[in-house]
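Q: Each protein sequence line maps, in turn, to chains A and B.
Residues 565 to 809, numbered by the working numbering, are exactly what the first sequence covers, in order.
Residues 8 to 203, numbered by the working numbering, are exactly what the second sequence covers, in order.
Backbone N, C-alpha and C fix where the C-beta goes; we use that ideal spot for every residue, glycine too.
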Amino acid sequence: MQQVETEVKTIAALGNVALAARALHRATNAPSHLPHIVVFSGPSGFGKTSAASYLATRYGAYYVECRSTTTRKSLLEMILKRMGIPAEKTVNAMLDQVCDQLEHSGRCLIIDEMDYLVDKSVVAIVQDIYEGSNGSPMMLIGEESLPKKLKKWERFHGRILDWTAAQPADLEDVSTLASFYCDRAKIAPDLLAHVHSVARGSVRRVCVNLDLVQEEALTKGLSIITLADWGNRPLYTGDAPARRG
Amino acid sequence: MSQKPIDQRSPLASRDALWAAIRRLKIFRYDEVRRETGCSRSTTTVYLAGLTAAGYLQLDAESRYVLVRDVGVDVPKVNRDGSDNLQGKGREQIWTVLPILKEFSIRDVALHASTEIVPVSESTVKEYLKYLHKAGYLRASRESRPGNAGQPIRYRFLQSKYTGPKAPMIQRVRQVFDPNTGKVMWSHSTYRLSQH
Chain A
565 MQQVETEVKT IAALGNVALA ARALHRATNA PSHLPHIVVF SGPSGFGKTS AASYLATRYG
625 AYYVECRSTT TRKSLLEMIL KRMGIPAEKT VNAMLDQVCD QLEHSGRCLI IDEMDYLVDK
685 SVVAIVQDIY EGSNGSPMML IGEESLPKKL KKWERFHGRI LDWTAAQPAD LEDVSTLASF
745 YCDRAKIAPD LLAHVHSVAR GSVRRVCVNL DLVQEEALTK GLSIITLADW GNRPLYTGDA
805 PARRG
Chain B
8 MSQKPIDQRS PLASRDALWA AIRRLKIFRY DEVRRETGCS RSTTTVYLAG LTAAGYLQLD
68 AESRYVLVRD VGVDVPKVNR DGSDNLQGKG REQIWTVLPI LKEFSIRDVA LHASTEIVPV
128 SESTVKEYLK YLHKAGYLRA SRESRPGNAG QPIRYRFLQS KYTGPKAPMI QRVRQVFDPN
188 TGKVMWSHST YRLSQH
């Protein structure tokens with residue numbers, strides 16, 4: 565995609581950001597007789613969290629990320645911290661605080677790494693938040709197995725309005741990322757296609773490789789680098805490093 | 008008109024206090040909310056006018072204000088004419104994405120914090136992160152140094168230092184003030200003193 569000079573450079577130009585934004589809109593604008601929870605799932609490195617950060621800035625969504633140690637209480641505390649509300653002492657009172665703020669503000673709650681909650685059966689608290697806030701919009705984000713894991717919770721499963729799968733980065737995403745990150749050397753279309761093919765959909769891998777390629781161009785003093793210049797040098801193809809907690 | 012630096016202002020006599028009082032009272036008179044908060048006439052008048060024009064408040068037949076749109080704890084940022092006040096919005100957007108991204112370059116932050124409505128430039132990010140780093144919210148995970156020229160600095164956000172949703176402010180006196188806690192986190196003057 566050609567970036568026009570005057571256009572604001574933002575990750576909103578990426579495919580998965582647009583998908584996530586559409587899902588959020590659906591959750592927010594669904595008629596009241598329909599559920600308001602959406603699920604956004606996909607492999608690590610596809611840019612789900614990155615998309616969530618855009619939803620947080622653009623639409624004021626509250627973002628929290630679960631960990632293996634997340635409990636009902638710590639989840640509520642985390643949400644209240646993001647809201648800027650001093651937490652009450654009991655789980656019950658905190659739940660009321662969270663629900664009250666969600667209902668009044670109309671802001672969406674994004675829970676990332678939801679897999680941990682599913683595994684730990686803390687999922688009931690999410691349901692409590694949803695019901696206590698009168699069906700405030702929510703987005704649950706997790707790995708590709710999240711939909712299957714949620715099936716275990718039938719009452720919950722029925723409350724999902726929309727299941728969105730994060731898509732692998734396409735060639736257009738790769739060119740967009742190149743226009744963002746490679747401002748010191750131009751990368752020829754054939755090399756961009758190569759970067760795209762080895763990334764297997766991961767935005768993270770695309771970024772690492774664009775960086776490598778640009779460095780190589782600078783080292784060689786090239787203003788534009790092609791597949792032939794790059795040759796058989798390896799690109800980063802390995803699985804993404806372990807997620808930071 | 009000069010205003011005191013924010014760390015020397017009374018935390019009670021502010022828009023935050025007005026909004027909190029409005030939510031508590033729900034229906035009130037002008038004098039009532041002033042008495043509750045100790046806000047000045049000008050602060051109160053301008054803010055109530057803005058909230059009314061923006062549709063948060065309505066005046067009833069007995070010229071009392073009625074809260075008709077309660078959006079929760081977030082203090083509505085409106086100008087006197089009811090339009091959105093976008094001042095400080097860019098920094099707010101930066102502060103929002105940092106704990107989500109966790110580890111980032113200046114460019115990463117600019118791309119994630121920018122929206123079509125409020126773009127954030129890399130130079131804005133660079134300047135802001137510099138101060139957040141001094142104030143201890145961030146760790147620089149790769150310093151730029153000779154031989155490493157052109158390699159961008161990467162920062163890591165220290166989750167334990169997240170104090171709340173309000174963006175820390177850089178004051179003109181070269182001080183970092185955290186409005187979530189009301190504390191000065193870094194000051195040019197104390198920094199210089201501690202160096203000697």
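Which same chain residues end up closer than 6 Å to A/PRO798 when comparing Cβ atoms and leaving out the 5 residues on each side of it in sequence?
A: Closer than 6 Å at Cβ, skipping near neighbours: no residue.
Q: Counting only the same chain and skipping the five closest in sequence on each side, list residues whose C-beta sits under 8 Å from that of A/ILE751.
A: So the list reads ALA742, VAL759, LEU774, VAL777, GLN778, ALA781, ILE788, ILE789, once near-sequence residues are dropped.
Q: Spell out whether any CB of chain A is found under 8 Å from the CB atom of B/ILE177.
A: Answer no: the Cβ-Cβ gap between B/ILE177 and chain A never drops below 8 Å.
Q: For the beta strand (DSSP E) containing B/LYS190, list its first residue and its last residue.
A: Note, B/LYS190: beta strand (DSSP E), 190-194.
Q: Taking DSSP's pairing of strands, which residues face A/ASP726 in a bridge?
A: A/VAL602.
Q: Check A/LYS716 in the structure and name its three-state DSSP category.
A: Here A/LYS716 sits in coil by DSSP.
Q: So the candidates are B/LYS190, B/GLN178, B/PRO186; which of them puts its Cα closest to the Cα of B/LYS212?
A: This structure does not reach residue 212 of chain B, given that chain B is present from 8 up to 203, and the question cannot be answered.
Q: At a Cβ cut of 7 Å, what residues of the segment 626-644 of chain A count as close to chain B, listed as they run along the chain?
A: For the segment 626-644 of chain A, which is checked against every Cβ of chain B, the residues closer than 7 Å are TYR627.
Q: Could you check what DSSP says for A/ASP734 in three-state terms: helix, strand or coil?
A: In this structure, A/ASP734 counts as coil in the three-state DSSP scheme.
Q: B/ASP77 versus chain A: which residues are under 8 Å apart at the beta carbon?
A: By Cβ distance, chain A contributes HIS668.
Q: Check the Cβ of A/MET658 against every Cβ in chain B and list those closer than 9 Å, keeping chain order.
A: Residues of chain B passing the Cβ test: none, with the nearest at roughly 14 Å.
Q: Would DSSP call A/GLY696 helix, strand or coil?
A: Note: A/GLY696 maps to helix in three-state DSSP.
Q: Quick one: give me the first and last residue of the beta strand (DSSP E) that B/GLN100 is part of.
A: First-last for B/GLN100: 96-108, but that is the alpha helix (DSSP H), not the beta strand (DSSP E).
Q: Does the segment 702-715 of chain A come close enough to the segment 110-123 of chain B that 3 or more CB-CB pairs lie under 8 Å?
A: Not touching, per the Cβ criterion.
Q: Output the distance between the C-alpha atoms of A/THR634 and B/GLN166, rounded to the nearest integer angstrom.
A: Near 15 Å, if we compare the C-alpha coordinates of B/GLN166 and A/THR634.
Q: So, helix, strand or coil for B/GLU134, using DSSP?
A: Correct three-state label for B/GLU134: helix.
Q: Cβ closer than 9 Å: which chain B residues qualify as neighbours of A/MET647?
A: Result: GLY79, VAL80, ASP81, GLY171, PRO172.
Q: Name the DSSP bridge partner or partners of B/GLN65?
A: Paired residues: B/VAL73.
Q: Report back the beta-carbon spacing between B/VAL73 and B/ILE34 to the nearest angstrom; my notes put them in contact at under 8 Å.
A: With 8 Å as the limit, B/VAL73 and B/ILE34 qualify as a contact, their Cβ atoms being about 5 Å apart.
Q: I'd like to know whether the C-beta atoms of A/ASN580 and A/GLY611 end up nearer to each other than 8 Å.
A: Going by C-beta atoms, A/ASN580 is nearer than 8 Å to A/GLY611.
Q: Between the segment 52-61 of chain B and the segment 121-136 of chain B, can you find at least three pairs of beta-carbon atoms closer than 8 Å?
A: Counting Cβ pairs under 8 Å, fewer than three are found: no touch.
Q: Label B/LEU66 either buried or exposed according to how many other C-beta atoms from any shown protein chain fall within 10 Å of its C-beta, with 16 as the threshold for buried.
A: So B/LEU66 counts as exposed.
Q: Please go through the same chain and pick out, in chain order, the residues whose beta-carbon is closer than 6 Å to the beta-carbon of A/HIS721, but skip the five residues on each side of it.
A: These residues qualify, in order along the chain: LEU714, LYS715.
Q: Listing by chain order, which chain B residues have their CB less than 8 Å from the CB of A/PHE744?
A: Simply ARG114, LEU118.
Q: Return the chain-ordered list of same chain residues with a C-beta closer than 6 Å to the C-beta of B/SER112, the five sequence neighbours on each side being excluded.
A: Taken in chain order, the residues that qualify are PRO159, ARG161.
Q: Output yes if chain B places a C-beta closer than 8 Å to the C-beta of A/GLN566; else output no.
A: Unreliable placement is indicated for A/GLN566, whose pLDDT of 47 sits below 50; the coordinate value is still reported in the next sentence. By this cut-off, A/GLN566 is not an interface position.
Q: Going by DSSP in three states, B/VAL238 sits in which element: helix, strand or coil?
A: Absent from the structure is residue 238 of chain B, since the part of chain B shown begins at 8 and ends at 203.
Q: Does the count of Cβ pairs from the segment 34-49 of chain B and the segment 81-88 of chain B closer than 8 Å reach three?
A: As far as the Cβ criterion goes, the segment 34-49 of chain B does not touch the segment 81-88 of chain B, which means the pair count is below three.
Q: Mind listing the chain B neighbours of A/ARG622? Cutoff is C-beta to C-beta under 7 Å, in chain order.
A: Residues of chain B passing the Cβ test: THR122.
Q: Using a Cβ distance threshold of 8 Å, determine whether the segment 95-109 of chain B contacts the segment 621-630 of chain A, with at least three qualifying pairs required.
A: With the cut-off at 8 Å, the segment 95-109 of chain B and the segment 621-630 of chain A touch.
Q: Distance check for B/VAL125 and B/LEU93, CA to CA, integer angstroms please.
A: Taking the straight line from one Cα to the other gives about 8 Å.
Q: How is A/MET703 classed by DSSP in three states: helix, strand or coil?
A: Strand.
Q: Just the chain A side, please: which residues come within less than 7 Å of B/GLN100 by C-beta, in chain order?
A: In chain order: THR621.
Q: Rounded to the nearest angstrom, what separates B/ALA120 and B/ASP23 at their Cα positions?
A: Straight-line Cα distance between these residues: approximately 25 Å.
Q: With which residues is B/ALA147 paired in a DSSP beta bridge?
A: According to DSSP, B/ALA147 bridges with B/TYR162.
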